[in-house]
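Okay, structure first, notes after.
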Amino acid sequence: VYADLTDKEESRDGGRFELLIRDLEDVFGGSWAAFRVWRTDIDEDEDAPVMGQESDENTDSESSQGSHQGVYKGVRVEGEFWRDEWIEHQNISVRVRGDKDQTLPQFIVKTDGTRMTSHSLNNENIGRWLWFRSNVVSELLSYQGFSLQWYTAETGGIHSTSGCRIHFGINSSDLITVYAYDVARLAPWEQHIWAAHNIAPEGKVSSELLMSQVEAKPASTHAVEELLFISMKLLEDGFRNEFNTDLFSHEIDEPEFKKQISRFSSKDQTSLLRLAKELIRIFSDRLNVSNLRQLSTHKNKKTLGSNKLLEDILAQKVGVDRARQIFGVIAGAYDMRLGDAHPTSSKIGDALKLAKIDEDESFLKQGEQLICNFGESIWWIGKLLFSQSEVK
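In structure tokens:
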């Protein structure tokens, strides 16, 4: 299809158009080199560590190299159009002339409340971190175009509509810690959202964030939110292979659900119950009841709900008691969902116990526990259903 296409450049519509066609091998192939450089002078036990100027004494490094040949097949077609237009100024030009934006906020950088301006922090070598209430994540995700991505168990990235990605960590005090420069380079309106949740340093910088940004060696852990979706996908694929039928009745918009199913959604008991409701929506409410009834051998299968039908199919493999134990957390989450509609229900406490939630923990950690326990139950369903040997 692209064999006869050639590069092209022409003038049109008061501007210049250029068409460029390149083999993907020329774009991505060839030799590569990777360099890892890390700091050796940061004490993660400091309340508010500050990195000074890098030198041979406080850094270490390693490198590797190789080549990619014959891997990439195909072509890349690129088109670009340039045209000069005169735009009347508004007495200030932040992007073009580099005028100073006088509306940018200040941020707390020390435990005594000392603040620094955004302009002062807009320096890649500033060497400071900032602390924020975890509510900032939920507020940002409420805006169209924002998304959340998890890197490790305690670190992730918030993708912004401005094209930036904020690498954050969760510390021991359930606070969000972010490298100051990453926030200071955001669009002004985004900075003001972050500034509204900014607090004095407490609980040190997230240890897993320091592993990534100081040691250049990310933690080999996984967020419970990611493991939940992986477990569901594994169960879905295994069910189709084992029974030649679909476990779920419909697909989901995974990026949108990942905004709702997050430990950050749990701010109080009401929102914790709402999180349980979202978990049931993404799993139990999607179960294909018609297909499950065909596989169930229960005498009352025509009246059983989705969870009970799947529990009965599992019971055929591992026994009634073991199946009931595995489905305990899912049943607890289901009862919590009912509590969302009736918050004064006396059964909420029992539902929390069934879902294995420690009420002495913060609500953020309770949300993390709920997602973890729910995902672990789904993993065990697949493990026990499709294992060739008996699992205890």
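The numbering of the sequence shown is our numbering, which starts it at 81 and goes up by one. By construction, the Cβ of each residue, glycine as well, lies at the ideal position given by its N, Cα and C atoms.
I'd like to check one pair, residue j with residue i: are the Cβ atoms closer than 8 Å?
i	j	result
L290	I188	no
T86	V117	no
A303	T232	yes
L359	A413	yes
S173	D179	yes
R208	V263	no
I458	F344	no
S292	E234	no
F248	H239	no
G150	W112	no
S135	F115	no
Q182	M196	no
T191	D127	yes
S253	L444	no
L355	I341	yes
V217	L228	yes
Q446	S346	yes
Going by CA-CA distance only, name the one from the options that's closest to residue i.
i	options	result
R476	E391, M416 and V263	Any question about residue 476 goes unanswered here, given that the chain covers just 81 to 472.
L255	S457, S442, I451 and I461	S442
G132	F97, T197, C452 and R119	R119
E25	T257, I273 and L201	Nothing about residue 25 can be reported from this structure: the residues present for the chain run from 81 to 472 only.
E282	Q293, V258, D262 and V294	V258
Q396	R195, R175 and L464	L464
W460	I410, G419 and D440	I410
N387	I406, T241 and K427	I406
D333	V294, R320, F309 and L327	F309
L367	S376, L390, K381 and K379	L390
D93	D125, W162, D103 and I167	W162
D307	H199, I451, P298 and G237	Contrary to the premise, residue 307 reads as Leu rather than Asp in this sequence. The shortest C-alpha separation from L307 is found at I451.
G385	V398, G399 and S370	S370
Y152	E105, W166 and L266	E105
Go ahead and pull the three-state DSSP assignment for residue i.
i	result
L432	helix
Q133	coil
W230	strand
W53	There is no way to answer for residue 53, as the model of the chain reaches only from 81 to 472.
P255	Reading off the sequence shown, one finds Leu at residue 255, where the question assumed Pro. Coil at L255, not helix or strand.
T350	helix
S214	coil
A403	helix
H199	helix
V294	coil
E441	coil
A113	strand
H272	helix
I250	strand
G412	helix
D93	coil
G243	coil
G193	coil
I238	strand
V471	Confidence at V471 is low in this model, with a pLDDT of 47, below 50, so the placement of that residue should be treated as unreliable; the coordinate-derived value is given next. Three-state DSSP puts V471 in coil, outside helix and strand.
D87	coil
R320	helix
R102	strand
I279	strand
Beta-carbon of residue i versus every beta-carbon of chain D: anything under 8 Å?
i	result
Q446	Absent from the structure: chain D. Only one protein chain is present.
Classify residue i: buried if its beta carbon has 16 or more other beta carbons within 10 angstroms, exposed otherwise.
i	result
D392	buried
E470	Caution is warranted here: a pLDDT of 49 is assigned to E470, below 50, making its placement in the model unreliable, and no coordinate value can be reported.
N453	buried
K339	buried
S91	exposed
E448	buried
L201	buried
K284	buried
Q170	exposed
A276	exposed
F108	exposed
V176	exposed
G159	exposed
E474	Examination of residue 474 is not possible in this model, given that the chain is present from 81 through 472 alone.
W211	buried
S467	exposed
Q374	exposed
V70	What the structure shows of the chain is the stretch from 81 to 472, and residue 70 is not part of that stretch, so it cannot be assessed.
G455	buried
E98	exposed
A267	exposed
N321	exposed
Q: Pick out the complete alpha helix (DSSP H) segments inside the segment 325-390, 4 residues or longer, and give them in chain order.
A: For the segment 325-390, whole alpha helix (DSSP H) runs of length 4 or above, ordered along the chain, are 334-340, 349-362 and 369-375.
Q: Could you tell me which uninterrupted beta strand (DSSP E) segments, each at least 3 residues in length, are contained entirely in the segment 120-189, listed from first to last along the chain?
A: With a minimum length of 3 residues, the unbroken runs of beta strand (DSSP E) contained wholly in the segment 120-189 fall at 139-148, 155-162 and 186-188.
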